[in-house]
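Enquirer: Residue numbers (this note's numbering), protein chains in the order written: chain A, 2 to 112; chain B, 38 to 245. The beta carbon of each residue, even a glycine, is placed where N, CA and C say it ideally should be.
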């Protein structure tokens with residue numbers, strides 16, 4: 002097998018059988034409120050066919066291996082949604098930048 | 038909060054905004070507000086969907102399992118078409134996915150996973166636990182299911198075949214466990230109480 006073949010055959014999230022040997026962390030926790038809102042937002046975007054489930058999934062795949070490994074589950078979802086909305090021209094980078102600044106100021110956070 | 042808010046708070050602690058939202062929460066709020074401002078989604082739709090999510094839990098799956106145990110005709114219909122059988126019990130699917138119920142036998146034990154992401158029968162079992170979405174569970178379940186089951190305290194005899202069912206965006210699974218011996222005189226409600234989420238994912242078994 003060539004050195005790079007596995008990169009072509011397996012996208013970052015296609016990890017079935019990938020040589021992982023770590024123990025499973027069997028813990029339970031409720032979702033944070035923003036995580037549940039994020040889940041609901043993506044469901045609503047799917048209902049309206051603005052961003053469907055497959056587009057969202059592909060969006061998380063396209064984040065690349067580093068982000069796939071470091072971001073938490075719903076962090077990936079919201080970044081994927083944001084990228085999908087930008088790619089479709091539904092939102093613009095400026096609109097997101099202005100809005101995140103406004104929201105941050107609401108919480109007295111300096112961006 | 039307005040100043041005319043006078044009722045007593047003695048019955049519960051006030052909810053304080055003392056946690057600073059993280060970058061991703063800011064992004065979530067921003068995107069939601071932008072989409073509402075553009076009229077692409079309604080302001081009440083997120084709250085309504087949260088209510089839908091909160092109304093789904095493993096108790097619904099347990100109802101299907103208990104009914105299948107007491108009613109052989111229902112069991113057949115459940116195995117034949119999970120979506121229609123759930124509807125019979127008043128459980129609607131909100132995500133337009135196929136729902137297949139996998140029956141354990143004396144010889145075969147089923148477990149479910151989503152190696153690609155986190156596909157799960159959410160309308161029937163609610164939202165999945167973190168470990169179901171973890172890279173450890175997703176990557177190992179298909180390669181060494183017995184070792185994975187052992188971490189959940191489930192040790193199955195070698196002669197029992199383990200079938201690992203990989204879910205997709207359109208196809209969701211749930212396990213119909215074996216009815217424990219000694220429950221012949223249980224009511225349907227008593228049977229429901231035996232059935233846990235992990236049993237319906239297939240990482241645990243009910244003890245005989």
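1) Looking at chain A, is there any beta carbon in it that lies within less than 7 Å of the beta carbon of residue 43 of chain B?
2) State yes or no: is the beta carbon of residue 40 of chain B nearer than 7 Å to at least one beta carbon in chain A?
3) Counting beta carbon pairs with one atom in the segment 90 to 98 of chain A and one in the segment 70 to 81 of chain A, are three or more of them shorter than 8 Å?
4) Any idea what DSSP makes of residue 97 of chain B, helix, strand or coil?
5) Do three or more CB pairs link the segment 172 to 184 of chain B to the segment 115 to 132 of chain B at distances below 8 Å?
6) Using the three-state DSSP reduction, which class does residue 34 of chain B fall into: helix, strand or coil?
7) How big is the Cα-Cα spacing for residue 17 of chain A and residue 152 of chain B?
8) Would residue 54 of chain A pass as an interface residue toward chain B - the criterion being a Cβ-Cβ separation below 7 Å?
9) Please classify residue 235 of chain B: is it buried, with 16 or more other beta-carbons within 10 angstroms of its beta-carbon, or exposed?
10) Can you find a C-beta in chain B that's less than 7 Å from the C-beta of residue 111 of chain A?
11) Just checking my contact of residue 87 of chain B with residue 69 of chain B at CB under 8 Å: how many whole Å lie between their CB atoms?
12) Reducing DSSP to helix, strand and coil, say where residue 85 of chain B ends up.
13) On the three-pair Cβ rule with 8 Å, is the segment 48 to 58 of chain A touching the segment 101 to 118 of chain B?
14) Drop a sphere of 10 angstroms on the beta-carbon of residue 108 of chain A, count the other beta-carbons inside from all chains shown, and report buried for 16 or more, exposed for fewer.
15) Pull out every residue of the segment 189 to 203 of chain B whose Cβ sits closer than 8 Å to any Cβ of chain A, in chain order.
16) Can you grab the Cα-Cα spacing for the pair residue 93 of chain B / residue 119 of chain B, in whole Å?
17) Between residue 44 of chain A and chain B, is any beta-carbon pair separated by less than 7 Å?
18) Express the C-alpha separation of residue 43 of chain A and residue 148 of chain B in angstroms, rounding to a whole number.
19) Which bits of chain A does residue 80 of chain B rub up against, with CB to CB less than 7 Å?
20) Which residues share a DSSP beta bridge with residue 218 of chain B?
21) Keeping to the same chain, check which residues put their C-beta closer than 6 Å to that of residue 40 of chain A; ignore five residues upstream and five downstream.
22) Using only the alpha-carbon positions, how far apart do residue 226 of chain B and residue 96 of chain B sit?
23) Label residue 155 of chain B either buried or exposed according to how many other C-beta atoms from any shown protein chain fall within 10 Å of its C-beta, with 16 as the threshold for buried.
24) Taking only three categories from DSSP, how would you classify residue 202 of chain B?
25) Taking DSSP's pairing of strands, which residues face residue 149 of chain B in a bridge?
26) Pull the bridge partners of residue 136 of chain B from the DSSP assignment, please.
27) Taking any Cβ of chain A, which residues in the segment 62 to 88 of chain B have a Cβ under 7 Å from it, in chain order?
Expert: Put simply:
1) As a working note, residue 43 of chain B is residue 6 in the second chain. Since pLDDT at residue 43 of chain B reaches only 47, below the 50 mark, its modelled position is unreliable, and the value read off the structure follows with that caveat. The Cβ of residue 43 of chain B sits no closer than 7 Å to any Cβ of chain A.
2) If you number the second chain from 1, residue 40 of chain B lands on position 3. A caution first: residue 40 of chain B carries a pLDDT of 45, below 50, which makes its placement in the model unreliable, though a value can still be read off. Not a single C-beta of chain A is nearer than 7 Å to the C-beta of residue 40 of chain B.
3) Segments in contact, no.
4) Along the second chain, read from residue 1 onward, the residue named residue 97 of chain B stands at position 60. Residue 97 of chain B falls in the helix class under three-state DSSP.
5) Remark: fewer than three beta-carbon pairs, one from each stretch, lie closer than 8 Å, so the segment 172 to 184 of chain B and the segment 115 to 132 of chain B are not flagged as touching.
6) There is simply no residue 34 of chain B to check, as chain B begins at 38 and stops at 245 in what is shown.
7) Walking along the first chain from the start, residue 17 of chain A turns up at place 16. Walking along the second chain from the start, residue 152 of chain B turns up at place 115. The straight-line gap from Cα to Cα measures roughly 5 Å.
8) Within the first chain, the letter at position 53 stands for residue 54 of chain A. Chain B contact via Cβ: present.
9) Counting from 1 along the second chain, the entry for residue 235 of chain B is found at position 198. Only buried fits residue 235 of chain B, as 16 or more other CB atoms lie within 10 angstroms of its CB.
10) Walking along the first chain from the start, residue 111 of chain A turns up at place 110. Not one chain B Cβ lies under 7 Å of residue 111 of chain A.
11) In the second chain, residue 87 of chain B corresponds to position 50, counting from 1. In the second chain, residue 69 of chain B corresponds to position 32, counting from 1. The C-beta separation of residue 87 of chain B from residue 69 of chain B comes to about 12 Å, leaving the pair out of contact by the 8 Å criterion.
12) The residue given as residue 85 of chain B occupies position 48 in the second chain. Taken through DSSP and simplified to helix, strand or coil, residue 85 of chain B comes out as helix.
13) As far as the Cβ criterion goes, the segment 48 to 58 of chain A does not touch the segment 101 to 118 of chain B, which means the pair count is below three.
14) Locating residue 108 of chain A in the first chain gives position 107, counting from the first residue. It counts as exposed.
15) Identification of residues in the segment 189 to 203 of chain B having a C-beta nearer than 8 Å to some C-beta of chain A yields 189, 203, given in sequence order.
16) Counted from its first residue, the second chain places residue 93 of chain B at position 56. Counted from its first residue, the second chain places residue 119 of chain B at position 82. Rounded to whole angstroms, residue 93 of chain B to residue 119 of chain B spans 16 Å at the Cα level.
17) The residue you call residue 44 of chain A lines up with position 43 of the first chain. True, the Cβ-Cβ gap to chain B drops below 7 Å.
18) On the second chain, residue 148 of chain B is found 111 positions in, with the first residue counted as 1. On the first chain, residue 43 of chain A is found 42 positions in, with the first residue counted as 1. Rounded to the nearest whole angstrom, the C-alpha separation of residue 148 of chain B and residue 43 of chain A is 27 Å.
19) If you number the second chain from 1, residue 80 of chain B lands on position 43. Annotation: residue 80 of chain B has no Cβ neighbours in chain A at a cutoff of 7 Å; minimum Cβ distance is about 11 Å.
20) Your numbering for residue 218 of chain B matches position 181 in the second chain. Answer is none; residue 218 of chain B lacks a bridge partner.
21) Translated into positions along the first chain, residue 40 of chain A becomes position 39. Within the same chain, residue 40 of chain A has no close Cβ partners at all.
22) Here residue 226 of chain B refers to the residue found at position 189 of the second chain. Here residue 96 of chain B refers to the residue found at position 59 of the second chain. Using only the alpha carbons, I get a separation of about 11 Å.
23) Within the second chain, the letter at position 118 stands for residue 155 of chain B. Around the Cβ of residue 155 of chain B, a 10 Å sphere holds 16 or more other Cβ atoms; the residue is buried.
24) Your numbering for residue 202 of chain B matches position 165 in the second chain. The answer is strand: DSSP assigns residue 202 of chain B an E or B state.
25) For the purposes of this step, residue 149 of chain B is taken as the residue at position 112 of the second chain. Per DSSP, the beta-bridge partners of residue 149 of chain B are B:202.
26) For the purposes of this step, residue 136 of chain B is identified with residue 99 of the second chain, where counting begins at 1. Bridge partners of residue 136 of chain B: B:209.
27) Of all residues in the segment 62 to 88 of chain B, 62, 63, 64, 65, 66, 67, 68, 69, 70, 71, 77, 78, 82, 83, 86, 87 have a Cβ within less than 7 Å of some Cβ in chain A.
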